[in-house]
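Residue numbers (this note's numbering), protein chains in the order written: chain A, 1 to 314; chain B, 1001 to 1164.
Next up, the structure:
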């Protein structure tokens, strides 16, 4: 008889397929983080300047389409797709997925209201189109009258969405590489950085692009600091987390992590952004495109690394 | 940057490559491995059956799992950083006054394909033979390098209209 003792419900005797998350989840996590960042930057812009033409406020238009793509990839990952509505029949305070489902549900109307409240200044064509359909009048008036409270709620929801994408992974006790409290904050900062990159790309004003480039330099520096703290926490943690850390400290994902995530995804774009701030002529898309690609690669790395590491050897 | 300083820098990089990785620099290997990777995506069976390709990409073998690939990536990244530092990072196609950008790209592709084919026949390209072989004072490398220069000068006569 082969005796198998485990304290974890996640093992191959209960669930024979443990390495199940493919491209859909990292893409969703990236888009979730990007959406959260766009919500935060858009809301801050409204709170600071009221409704006026700014790049973060313009990008509010794209929040729902971008989020729809992310939620579609999440839907593709579901094994039992017809049961997705069951998420909305309950709320479990201890379940990050339950939190995420409800946060995503709240993001839709709140983002829409913030867009309606700022579209006159940022998307006049949309305003004209909406005005022709009289049935939206009351909604637009409501959004314009309560713009700041709506921006406040958007800000809170943006932070919740950004942090949740990290906690979704860090709550997995059975995955030593994910099981770190830094992950929620790290995903939030990474999402903000992606959003700041998109804003600097979309911005028509040089001063505004300069501000968001500077902001992104700070955010990437924060990301590097948090990655450092995460690794320090792992290396000084229990044996299994130390073993998980070896994945990037000499193990099979070392090259991928240091070359693609750290060097090409963080250090190279931040270097280009610094050159841009110093006035060197650079193609406008280059640094933001690298930041966005880096954010996506980072999610792929984290999802893969977590699924490789485990507390039990079998 | 002064070309003399850049030359010394390249020499230092080569020395460090010998010291750290135990071998010199090369370039065409990365392209060849990328081609194998592309062929794997299209037809793994073809790669498995082909004697040459299977050495690099048989079954689960990852052709990109090699230091030359990272070296090529580093060269591209370093070039980008250098261009950004000196404000030269912009989209442009350098070509002679007599030809169009399209013709320039066509001939560049033709030259590149011939170069890649030759490099595979010779089991390495000019960077391998001139830099790595030359630095280790291999007589064969020096003779090959001189022949390459002689061949290039001879060929330049026939394609001079591309540049002047």
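Glycine is no exception: its CB is placed at the ideal position from the N, C-alpha and C atoms.
Values in this document were obtained by computation on a predicted structure and should not be read as measured data.
Alpha helix (DSSP H) segment containing residue i, residue limits
| i | result |
| --- | --- |
| residue 122 of chain A | 96-122 |
| residue 1153 of chain B | 1139-1158 |
| residue 40 of chain A | 24-49 |
| residue 1060 of chain B | Looking at the DSSP string, residue 1060 of chain B is not in any alpha helix (DSSP H), and its letter there is neither H nor E. |
| residue 304 of chain A | 286-308 |
| residue 1122 of chain B | Looking at the DSSP string, residue 1122 of chain B is not in any alpha helix (DSSP H), and its letter there is neither H nor E. |
| residue 134 of chain A | It is not in any alpha helix (DSSP H) - residue 134 of chain A carries neither H nor E in the DSSP assignment. |
| residue 88 of chain A | First-last for residue 88 of chain A: undefined, no H or E at that position. |
| residue 62 of chain A | 60-77 |
| residue 1067 of chain B | 1067-1085 |
| residue 80 of chain A | Premise fails: residue 80 of chain A is in no alpha helix (DSSP H) and is neither H nor E. |
| residue 1046 of chain B | 1044-1049 |
| residue 1012 of chain B | 1003-1021 |
Within chain B, partners of residue i - CB distance below 8 Å
| i | result |
| --- | --- |
| residue 255 of chain A | 1070 |
Amino acids of chain A, ordered along the chain, whose beta-carbon sits closer than 9 Å to that of residue i
| i | result |
| --- | --- |
| residue 1081 of chain B | 268, 271, 272 and 275 |
| residue 1090 of chain B | 281, 282 and 283 |
| residue 1166 of chain B | Beyond the ends of chain B as shown, which are 1001 and 1164, falls residue 1166 of chain B; an answer cannot be given. |
Residue i and residue j closer than 9 Å at C-beta
| i | j | result |
| --- | --- | --- |
| residue 231 of chain A | residue 1081 of chain B | no |
| residue 213 of chain A | residue 200 of chain A | yes |
| residue 120 of chain A | residue 176 of chain A | no |
| residue 147 of chain A | residue 51 of chain A | yes |
| residue 42 of chain A | residue 154 of chain A | yes |
| residue 1167 of chain B | residue 1006 of chain B | Past the edges of chain B, shown from 1001 to 1164, lies residue 1167 of chain B, and the structure says nothing about it. |
| residue 23 of chain A | residue 54 of chain A | no |
| residue 167 of chain A | residue 184 of chain A | yes |
| residue 1058 of chain B | residue 283 of chain A | no |
| residue 71 of chain A | residue 87 of chain A | no |
| residue 60 of chain A | residue 114 of chain A | yes |
| residue 264 of chain A | residue 293 of chain A | yes |
| residue 291 of chain A | residue 207 of chain A | no |
| residue 228 of chain A | residue 187 of chain A | no |
| residue 1015 of chain B | residue 1135 of chain B | yes |
| residue 193 of chain A | residue 219 of chain A | yes |
| residue 1162 of chain B | residue 1099 of chain B | yes |
| residue 355 of chain A | residue 39 of chain A | This structure does not reach residue 355 of chain A, given that chain A is present from 1 up to 314, and the question cannot be answered. |
| residue 21 of chain A | residue 255 of chain A | no |
| residue 1019 of chain B | residue 1127 of chain B | no |
| residue 67 of chain A | residue 27 of chain A | no |
| residue 165 of chain A | residue 240 of chain A | no |
Chain-ordered chain A contacts of residue i [CB-CB under 7 Å]
| i | result |
| --- | --- |
| residue 1084 of chain B | 272, 275, 280 and 282 |
Where residue i meets chain A, residues with beta-carbon distance less than 8 Å
| i | result |
| --- | --- |
| residue 1077 of chain B | 263, 264 and 268 |
| residue 1112 of chain B | Residues of chain A passing the Cβ test: none, with the nearest at roughly 24 Å. |
Between the segment 258-290 of chain A and chain B, which residues of the former have a C-beta closer than 8 Å to a C-beta of the latter?
-> 259, 263, 264, 268, 271, 272, 275, 280, 281, 282, 283 and 286
Mind listing, in chain order, the continuous alpha helix (DSSP H) runs of no fewer than 4 residues lying wholly within the segment 227-271 of chain A?
-> 239-245
Contained alpha helix (DSSP H) runs [length at least 4] in the segment 169-237 of chain A, N- to C-terminal order = 182-202 and 206-235
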